[in-house]
Structures are given as structure tokens and as C-alpha cells.
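Chemist:
Chains as they are written, first to last, in this note's numbering: chain F, 1373 to 2315; chain W, 9 to 290.
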């Protein structure tokens, strides 16, 4: 039995692990002694040769792509012996009754020089003996006697895992409860310390090549082994390079146990060690290191201050932002500090950032970017950034504005976008001129349009001038902006452009005229009703509808008889939309127009003619029996708008030869809402030759419901065609039938992530008691992150359900706060629950787990709801300092009245220095300072 | 009916995400969540023309209808971004003329094949033809220059050969005067025959279509510039994997200045050629 330094006991002896490295072409560069011994292949016979030559059947076994994968994607690969058996074929070191080849567990990772992959590092572990043992014990697990099985489990628990759970996986399902319990405990207690120590020792002894060491450590990290204790030991080594690698490795491990040791390493004599310790603390998000890191940043040490700032950002403690603000004045650090403030600062950092812009050589882009980032975060958290916009507008210096506008011309990408956002808050004649130069930049034209729209009327003349720019994108953006500003001064220019037949812009011009709604566009728009482009016609129709000119009825009556069928069709759409009494007969005649497009438009508008239902039904019937496929499809669609129940007609349409007629007939039946139609739709759903028809029938059945619907839909969830199956799943969810549970559970186990995602949405819509359990389980365990995230979103949906379900959904979301990997998402989701669910969340302020309490505080803070804010004050008395500190920050951000005295008391007397500091900081915030002390005290007393 | 808003032309968004995924699967073009509206804007005319009220109906047509293939060509036309001009990012083309061709021809038997894809309305292959012609390559060596684009409209424009002012914004005036003739209607310029005959073929090819790319993908040099910026990571991998599998070795792949194959493949290695970068197939 080995006692590893980490203290774990193991039955594993003679752990044999070899290591080789290659270059990018898989030419072997190193082959260690252990590997020589294991494989019997001397190093000098393989070094310099390609791996495919050393192992000729690599390609045939499909292993070449696996070997290359880390070079392509960076992801380490593990070859499990159960599947691959071995990488390098060789006999076992001792004769084996089970295997004629050595069984090998292989881990393959990218060998890195700095950040660049330069080859592979491969560890090969001989697991033959362990596999023999595992097989033997696995056989004993099938023994009739529980005592034998228990003994086997006990021995398996002392064997380190080769590959997943092994035989213990089966034991979880044992009939005997004691065996099951022992299996679960055995799995939980597994450790691989012996392997860790072996590899670390091997590297320490044999590999002074530190890129190898670094890559091997990364590799081991990626396989999920915990190296923390071994690496902490290495932090004390006399060799500075090893201490560097230890710090690097501890950062990769992300085990908070390393924090204290890493903080200690900040005092290392070697600055490289300090550097990597700083970085590691950032990766660990070690809140305990904030004070030390702030001090390092403030030291302005050229080598260490930058990583200290970056690590503070990663730790994300907003209270460190205040300490960084003075560094904005340091030319070396200002850009870096500005970026940091952008990521962790709040509105309190804004004045300093604006002030820093006064300096001639200020890093304008970084400062403005920080302001924009803080604003964005404020909008995300509390829905409103107006206070920041106002603050910037009031305090910005004219010279700073000039510097910002000068930067606009040179910036690109996100930096440019952020400059535009901030500029849009400001006033000044130069601003719209500067923005107008960017109208043609497709990557930012949305932002520029938004900014100019905010500017409003003063930008109109400038935008009108842009309508004649040579660049199409500039003209297009100007048209859109003018439409959204809605100033009538733009109408003559837009009308002129409409007449110039600038084909790429017509739809946008019509859209702009629609928004402005000026009657001067009426006649020019009429001229577009016959355009060859359907979108141009449609946009003209929309614009005319929006203008609503009193002349329209009379003009439509004329145009309904126009010689151009496109004009007639457009006139039908307008006259049908408004239902002009004078146009009714002409509309009815249009149902038999020579042009199909006119007929289709007329048929679709029949249901909207008042008092004409009987005639409409006759005309639609006629079309269904005699007209072209497109007209029949239009008629089938129109029947869905009839208040009367034209089932007989739609039933006939379901048997039409054209699939689109059947499709729209199914859609219409769904809209009419009569469950009796399910029997008509079922045959289509099950066997129509056209898939869209089947899907439409399924969706219609889902809308109609009825006794048979759940059974029909459940069967269809197993359809091979994705569209059909997914439609059936969605429809089941909408039906909310109690019997749908079994089917939805089954779909949730689909190997296809998209199918599971559909099931998640359906389960949320189903809103059954069981929905909460299914979604919580999926959120915690689905292998696909998007599915897990959708499940969390589903729980938020359920929080709007009636009480028992809402309460359990909120409980499930708060449980996720305890999971470090899901904490942030759980906070974001909880912040979106409806106000009605807040009472279910508030009691979680008493949860045992402080991470849960802290998350609840943050979520309540983001809701910006009076009820939520009232509950927050309880958290000021929490037993955990981090929870109290978070409550202080949140209440300060909200500017909640009535807490100032409590904050003052905490600033003086809280047991935690960090809480005292946060409370002091909160007291200094603007919305508290701006009120005179007496007024504050009186106001608070009144509370 | 969906109320008409200037921005939606009366169409519901139902089905737009499905349509987005279908377009991605078929063409490689990807519209992430923030750009879905842009996809809708480009496809709205097609949807309206069919008399549909939602993108979902159009999705079914593209996926299942018998006439879908013809419709897909119209979709490619609607989605292709045709912003280009002569003499764009010419360092790479000079690198071909000055460094690659001499090396290739030393070891080569048979013609040197160059493929420009996507070629948009022809500015890129014609620019390359100008540069190679100026260096005298067409007289000294057998060079096959082929051009293709996923948009039939773009290829038609390229064949028509009519270009307006903005296409020439980066072209040295002397080159324009040498290789282009003003049109009599003063509506632009057209390339001289001596130039257009240097491009052996103009084809409609979808980079995701294994059959469609087959005649061209075995080229020694491929210009695939400013296409991947519109593709998803998965589509880029698929296209590049095809290039890696089919191109000769060495083969030279040029991508746009804002594009990179880092973390896409290890089958190509990045090489610097003067002021240009090229990916060389191993």
C-alpha cells in the first residue's frame, strides 16, 4: 500500500507511467526511460521517427485523428483502455491471464511553448494489473451473496479509477440496499493521489524541460485529477522555475485550497513566481487576496502591477474598484486600470473616468470604453442607465469631447461602438457631423443610427444631405434614421429619392415615409403599388395604410380596375384592410380576376368584409373547388379567419392534391379552435406525404386539444423527422395534459441535444408539478450547456405559475446557487422571476449555505422592486461577512432610503473589516452624500 | 394578420430562428442572434412573393418543397454580400505573382490552377488577372484562373462585366485606363477582352456543396477571402477540411485580412510572403 504525500491510501503498487513528446508533425522528440521499460522499445530507435512509423496501425485504428485533436482544438484526449485497449502494442510486463497485450490508459495533450502548440505530450499508463483486478472483482460483484458483493466493493473502492466508474457503476443498481450504499460511498471516496504523485515526481526528476512540465501539468489538470497538495508542496521548492510551474499549475487547478499558499507566494523573492502567483489568484477568484493585489497594483511595479489589476478584474470584487481609481492618473497604468474599472466598477467610478479624459494624453478609447461598459452593466442589472448618461453629459469637459470625437475617426469594432454609445448621450454641433461620417460603416451603422435618432431634429438637415452620398450604406442608414426621427422636413427629399428609383433603398424609403406619415407622400407611394418587387409593393401598402389619407377610399375604388394586375392586387390589399364600403363589390369581383395574385389577395380579405360572411363562404368554396393551387391555398387560409365554422369546406381542402392547400387548411382548422377537428387532422399528422402538412396538422392538434390529442401527439414524438417530432413535443407541452409526463420524460433522455432542448421548453409550458423536478435535474446534469441553460430558463417560466409550482421552481433555482459553476447564471435567472414569486425567494435569505444567501441578495438587488428591496435589509444582519458585504453593496447601488443609519453603524462596528470598508464606501456614494446629513437622519427616522 | 410595421413588412418572426439554422446548414452563412433581423430583411421579399405571412412557411418551402432548389439559388442571391472593389488587399496577389508562381512552376507539370471563391461580381479574379498580366505570367506559363460565387446574380454580373465608380476606388488610374473601357451610356466601365479572357470560367458554386466544389478545389492556389467572416465556426471547419483534403501539396490558401484559421485546422501552416500571409497545405 502506498501512502502518498496527499495522505490517501491505495492498494495500487508499481504504478507505471511513461511519457513521450512529439513535434507538430508527430515526430517523436522524447521517449522516457519508463516508456522504454514498459514497451521494450529503446528511445534511440524511435526518436526522430513519426509516430505512425513507430505504430503503423494508428491510422487503421482511427487513432491518428485523436492524436491530432489537441493540436486543432486544444482539448486533451483520453484513450480509455476499455475501448482502445492500448496506444503502443506490447506484451504486459508480467504474463496476464486476461490480456495478451499491455492495457494502457493514455492521455494526450498539446505541448506548448508560451501559448503556441509545438507538439504533443502523451502519458501512457500500464493499467493491465489493475484491469485484471477490476475484472476479477467485477465477477465477484455478480456473486449471489450480498456479503461477497460488499467485500468486492470495499476492495474496488481502494483501487484507483481507470476509466469512469467501472464495475461500481453496475453496483449502484444492486438489489441489496447495503450494496448500493457501499457502491455510492466508494465512488465518492475515490482519489487518484498515487497517480498524481507518480507523475509529478517523474516530471520533477526527469524533465527539466519546463515546457514539458507545464504541458504535462495542464494535461493532468484537464483529466480532472486534483494536484493541489502536490503543487503546494512544489511552491516551497528551492528551484524558482519549479515554484513558477507550481503557481501556474495551481491556477489551472482552480482549487480554493491553494489560496493561502499562493498569497504566501506573493512574497517570493523571485518576481516570476510572484507574477504567476498573482495570475493564479485571479483564476481562483480569490477574494481573500484582494487587499494584497490592490497593494501590488498601487505599488506601480512595472512587472507586477498589470497582472495584479487583471487578477482584480477576474476576482470581480467591486470594492477594489475604488482603490484602483487613483491609478487612472498614472500614464503607465491608466489604460489598464480604465479597462479594469469598465469590468468591475460601478457608477461611482464614472466621475473619475470622465475627469481622466481631460488629460491630453489620456487613453481615450479605454476610458470611454469603461464608461460604456459600466453603463451597459447598469442597464442589464437594473434596466436603466439614465443616471450615468446624465452624469457624463453634465460633467464632460469640451476638450474631452473633442478628444472623443477625434478618436471616433480612428477606432474600429467594439471600441468604435462604445465611443458611439457615449457620444450619443452628449450635446454639441460637432457630434452629428462626426457620426454622419460613420453611416456607411456596416459594422456600426445600427449604433450610429441610434445615436443620430437620439440627437433628433438637429440632425435632420445633415441626414438629408447624406441621402445623396455615393455610398449605398450611407444613404440607407440616413433613410432609416430620418424615418425614425419622424421629422416632416425629410419628406420632400425622401419622396424625391422614391421617384429616382434607387432600387436598393425603396423598401427603406417607404418604411421611413410610413413612420413619418405625411400626406405629401401619398401620390408618390401610389405609383409604387405596381412595382415588380413584391416587397416594394408591400412596403408601399404599409406606408399608405399608415398615412391613412382621406382620398384613399376613392383612389382604391379606381385602382381596383387598373390595367396593371399588380396595382389591382395592391389596391385589393388596401381596400380589404380598411373595408371601404364603396369598394366591397369591386373586391368581390376581384375574387374572379384574370390574375391569380389579385384573386388570392381578394380571397384572403373576404373574411374582413362586414356583413358579407355568407357571400364570403360561397366565394371561398368556389375557389376551393375550381381555382388554381395558389388561390385554393389562399382560400384555405382565409377560412381560418371566418367566425363561422367552415369545417366541411376545410375537410375537403385537407384532401386537396396540392400540399400547400392541405397545409393552410390544417393551419386554419387549428385556429378555429374546435376540438372535433382533431379526428380530421389525425390522418394528416400520421401519414400525409408532405412533411409540412404533417407538421401543420400536429401543431393544429396541439392547439385544439381534446381527449385524443395527447395520445396522438405522444406517438408522433418518436417520429424520425426532426421537424415533426419537435412539433409534437411542443404541442404536448402546450396541451398541459397530465398524461403527457411519460412522453416528455422520455424525450428528455434523447441523445440529440436539440430534441432535449425542445423537451425542456415543452416541459416548462406543461407547467406540471413534475416539471420542476425534470427541469432541475436537467439544469444540474445535462451534458449540453445550452440545454442546461434552457432548463434554468424554464424554471423561471414556472415561477410565474400558481403557488406550489412557483414556489418549487424558485426553490430549485436557489439550490443552483450552491453550485459554483452555475451560481452566476442562477443569480441572473432569479433576478428575472416575476414579482409574484418574490415571497418564495425571500425565505432563502435564511438558507444554511452562505453562497445561496449571497446569491439571493444579489438577485433581489437586481430586481429593482420595492418588495425585493425591503427584504434585502434583513441580509445586513446575516452571520456571514460576505453576505453582509454583498447586501451593503446592493443596497448602496439601489440607493435605498432608510438604511443610512444602519450603514453608518456597520461602518463603525461590523466585525469584518471588509464589511466596514464596504459600508464606508456606500456612505460616500452620491445619492447619500447629496442629501444633507440632517435631512438624511430625519428622512430615515420617518422611515 | 400581423399588423404591418415598417420593419417587418407584415411578417411574423415565427420560424426565423429555424430558417436561420437551415440557411446555416445549407450555405455555411451564419446569422447569430443579434443579426437574425438582418436575415429577415434580406429574405422578406422572397417570403412576400410567395404570399406567405411568416418565415415559418418559407422555411418549410425551402426544406421540403419540390421547387426548393430554384428557391435556394434566389436565397443565395439575396444573402450574398457583394461589397467588393478592384485592387482590394493586393499584397496577396503580388505575392502570387512575385513569389509563389516562380516556386510552383519550378516543380510543376501541367497548368497552375488558381481559384477565386467567392468572386462576387468579379473584381477579385479580374484584379488578379491584371497583376499576373502585368508580370507577364500569362505569356510565360500555363495558368488557369477560375472564378465562382454562391450567388447566381453575382456571377451574372461578373459575366456581364459592367462596373461603376465605387468599384474603382482603389484601382490605380493607369490600370483602369489600360484595362477598362468607358461604356457609351456613361453608366460605368467594362473590362477589355484581353483581361476577361484570362478568367477561364465563371461558375455558381456553394462552398458547402462537395459536388459543386469538386472541379475547382484541386487548385494550387485558392483565394477564399472575406467569406468566412459570414460563416459559423463549424462551416469554416467544413470548408477548410475540404480544401485540406483535396488541394495538392503544397497548396496555397489565401483568406481575408480579418480572418484566421487558428484553432480551425492543423493541416495548413501560416507563412509570411513579404507583406502578405498565406496558409500552406502541409
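Glycine is no exception: its CB is placed at the ideal position from the N, C-alpha and C atoms.
What you are looking at is a predicted structure, and each value in this text was computed from that prediction instead of being measured.
Please classify residue 280 of chain W as buried or exposed, where buried requires at least 16 other C-beta atoms within 10 Å of its C-beta.
Modeler: Result: exposed.
Chemist: Whose C-alpha, out of F:1431, F:2065, F:1701 and F:1474, is nearest the C-alpha of residue 1411 of chain F?
Modeler: Nearest C-alpha to residue 1411 of chain F: F:1474.
Chemist: Since residue 2064 of chain F meets chain W, which of its residues come closer than 7 Å, beta carbon to beta carbon?
Modeler: Per Cβ cutoff of 7 Å: 68 and 72.
Chemist: Within its chain, find whatever has a CB closer than 8 Å to the CB of residue 287 of chain W; leave out the 5 residues flanking it on each side and keep chain order.
Modeler: So the qualifying residues of the chain are 260, 261, 262, 263, 269, 276, 277, 278 and 279.
Chemist: Report the rounded CA-to-CA distance for residue 1443 of chain F versus residue 146 of chain W, giving the unit in angstroms.
Modeler: Approximately 40 Å between the Cα atoms of the pair.
Chemist: What number of angstroms, rounded off, separates the C-alpha of residue 2292 of chain F from the C-alpha of residue 2228 of chain F?
Modeler: Each residue's Cα considered, the two are about 23 Å apart.
Chemist: Between residue 2049 of chain F and residue 2041 of chain F, what straight-line distance do the alpha-carbon atoms span, to the nearest angstrom?
Modeler: Taking the straight line from one Cα to the other gives about 7 Å.
Chemist: Give me the subset of the region 2147-2163 of chain F whose CB atoms are less than 7 Å from a CB atom of chain W, sorted by chain position.
Modeler: For the region 2147-2163 of chain F, which is checked against every Cβ of chain W, not one residue is closer than 7 Å.
Chemist: Indicate whether at least one CB of chain F lies closer than 8 Å to the CB of residue 265 of chain W.
Modeler: Not one chain F Cβ lies under 8 Å of residue 265 of chain W.
Chemist: Cutting at 7 Å between CB atoms, please list the residues of its own chain near residue 1830 of chain F, excluding the five before and the five after it.
Modeler: Correct list, in chain order: 1804.
Chemist: May I ask you to verify whether the region 1502-1519 of chain F touches the region 1478-1485 of chain F, counting CB pairs closer than 8 Å and requiring at least 3?
Modeler: Too few Cβ pairs lie closer than 8 Å, so no.
Chemist: Which value, in whole angstroms, describes the spacing of the CA atoms of residue 1723 of chain F and residue 1842 of chain F?
Modeler: Rounded to the nearest angstrom, the two C-alpha atoms are 41 Å apart.
Chemist: Please list the terminal residues of the continuous alpha helix (DSSP H) segment that includes residue 1633 of chain F.
Modeler: Unbroken alpha helix (DSSP H) run through residue 1633 of chain F: 1631-1637.
Chemist: In whole angstroms, give me the CA-to-CA distance for residue 184 of chain W and residue 1931 of chain F.
Modeler: The alpha-carbon atoms of residue 184 of chain W and residue 1931 of chain F are separated by roughly 49 Å.
Chemist: What span of residues does the beta strand (DSSP E) with residue 208 of chain W cover, start to end?
Modeler: Residues 207-212.
Chemist: With a cut-off of 8 Å, does the C-beta of residue 174 of chain W fall near any C-beta of chain F?
Modeler: Cβ-Cβ to chain F under 8 Å: yes for residue 174 of chain W.
Chemist: Taking all protein chains shown into account, decide if residue 2240 of chain F is buried (16 or more other Cβ within 10 angstroms of its Cβ) or exposed.
Modeler: With 16 or more Cβ atoms within 10 Å of its Cβ, residue 2240 of chain F is classed as buried.
Chemist: Hey, which unbroken runs of the alpha helix (DSSP H) at 4 residues or more fall wholly within the region 1921-1962 of chain F?
Modeler: Runs of the alpha helix (DSSP H) inside the region 1921-1962 of chain F: 1924-1931, 1937-1950 and 1956-1962.
Chemist: What does the alpha-carbon distance come out to for the pair residue 2069 of chain F and residue 2037 of chain F?
Modeler: About 9 Å.
Chemist: Identify whether residue 20 of chain W lies in helix, strand or coil by the three-state DSSP scheme.
Modeler: Looking at residue 20 of chain W - three-state DSSP - the assignment turns out to be strand.
Chemist: Could you name the residues that DSSP lists as bridge partners for residue 1395 of chain F?
Modeler: Residue 1395 of chain F is bridged to F:1491.
Chemist: When Cβ atoms are compared, which residues of the region 171-205 of chain W fall closer than 8 Å to chain F?
Modeler: Of all residues in the region 171-205 of chain W, 173 and 174 have a Cβ within less than 8 Å of some Cβ in chain F.
Chemist: When you compare only the Cα positions, how much space is there between residue 1929 of chain F and residue 1947 of chain F?
Modeler: Roughly 8 Å separates the two Cα atoms.
Chemist: Assuming residue 1788 of chain F and residue 1816 of chain F form a contact by the criterion Cβ under 8 Å, report the distance between their Cβ atoms to the nearest whole angstrom.
Modeler: About 5 Å separates the two Cβ atoms, so the contact holds.
Chemist: Grouping DSSP H, G and I as helix and E and B as strand, with all else coil, what is residue 1890 of chain F?
Modeler: The answer is coil: DSSP assigns residue 1890 of chain F none of H, G, I, E or B.
Chemist: Compare the C-alpha of residue 2101 of chain F against each of F:2089, F:2093, F:1460 and F:2094 and name the closest.
Modeler: Comparing Cα-Cα distances from residue 2101 of chain F to each of F:2089, F:2093, F:1460 and F:2094, the minimum goes to F:2089.
Chemist: Using a Cβ-Cβ cutoff of 9 Å, what residues of the region 1437-1467 of chain F are near chain W? List them in chain order.
Modeler: Taking 9 Å as the Cβ-Cβ cut-off against chain W, the residues of the region 1437-1467 of chain F that qualify are 1440, 1443, 1444, 1445 and 1446.
Chemist: Quick check: what's the CA-CA separation for residue 1560 of chain F versus residue 1529 of chain F?
Modeler: Annotation note: pLDDT 48 at residue 1560 of chain F (below 50); position unreliable, coordinate value reported separately. Whole-angstrom Cα-Cα distance: 9 Å.
Chemist: Below 8 Å between beta carbons is the criterion; list the residues of the region 31-56 of chain W that meet it against any residue of chain F, in chain order.
Modeler: Under the 8 Å Cβ criterion, the region 31-56 of chain W contributes 52, 53 and 56.
Chemist: For residue 1910 of chain F, decide whether its Cβ has a neighbour in chain W, counting only Cβ atoms nearer than 8 Å.
Modeler: Yes, its Cβ sits closer than 8 Å to a Cβ of chain W.
Chemist: In the region 1914-1946 of chain F, which residues sit with their C-beta less than 8 Å from some C-beta in chain W, listed in chain order?
Modeler: Per Cβ criterion, the list reads 1914, 1915, 1917 and 1918.
Chemist: Is residue 2158 of chain F helix, strand or coil when you go by DSSP?
Modeler: Here residue 2158 of chain F sits in helix by DSSP.
Chemist: List the DSSP bridge partners of residue 262 of chain W.
Modeler: DSSP lists W:231 as partners of residue 262 of chain W.
Chemist: Have a look at residue 1954 of chain F and residue 1972 of chain F and give me their C-alpha separation to the nearest angstrom.
Modeler: Near 20 Å, if we compare the C-alpha coordinates of residue 1972 of chain F and residue 1954 of chain F.
Chemist: What's the C-alpha gap between residue 1388 of chain F and residue 2210 of chain F?
Modeler: Cα-Cα distance, rounded: 57 Å.
Chemist: Check this for me: beta carbons of residue 2254 of chain F and residue 2226 of chain F, under 8 Å apart or not?
Modeler: Taking 8 Å as the Cβ cut-off, residue 2254 of chain F and residue 2226 of chain F qualify as a contacting pair.
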